[in-house]
Amino acid sequence: MANFRYLIIALCLAVLAASKSINNGMKLKVLPLGASIVWGQNSADGNGFRGGLRKALIAGGNKYVSMVGTVRHGNMAYNATASTRITIRT
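Those letters in the sequence shown? Residues -19 to -1, 1 to 71, per mature numbering (1 follows the signal peptide of the UniProt record, and there is no 0), in order.
Given below as structure tokens:
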């Protein structure tokens, strides 16, 4: 689980480091898919990594960024996701 978190952090940093938009001005829709880390379980705002990812994409020059999915969770705008709040234990 810790390795997955580092991967997400690395992805966010890579997006922040990008000098231009990755979508050339088109609307960008992201489908966050996963379990508790995507759902935002145990996070203060309920957003998990989705809030940071959206902010990073916007800061990277992507003007229109929305999260899509079948459920909504968290306090951010466009808080849709395709996730579950079940924690997977190994």
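Virtual Cβ for every residue (Gly too), placed ideally from N, Cα, C. Here the structure is a predicted model, which means the values were calculated and not measured.
Per DSSP, the unbroken alpha helix (DSSP H) holding A40 starts and ends at 31 to 40.
Taking C-beta atoms under 8 Å as the contact rule, G50 and A37 fail to qualify, at a distance of about 19 Å.
In the three-state reduction of the DSSP assignment, V49 falls in the coil class, being assigned neither a helical nor a strand state. Separation of the CB atoms of V11 and V46 is rounded to 7 Å, and the pair is thereby assigned contact status at 8 Å.
Residue nearest to R70 within the set N5, M7, S17 is S17 (criterion: CA-CA distance).
DSSP, reduced to helix, strand and coil, places S17 within a helical segment of the structure shown.
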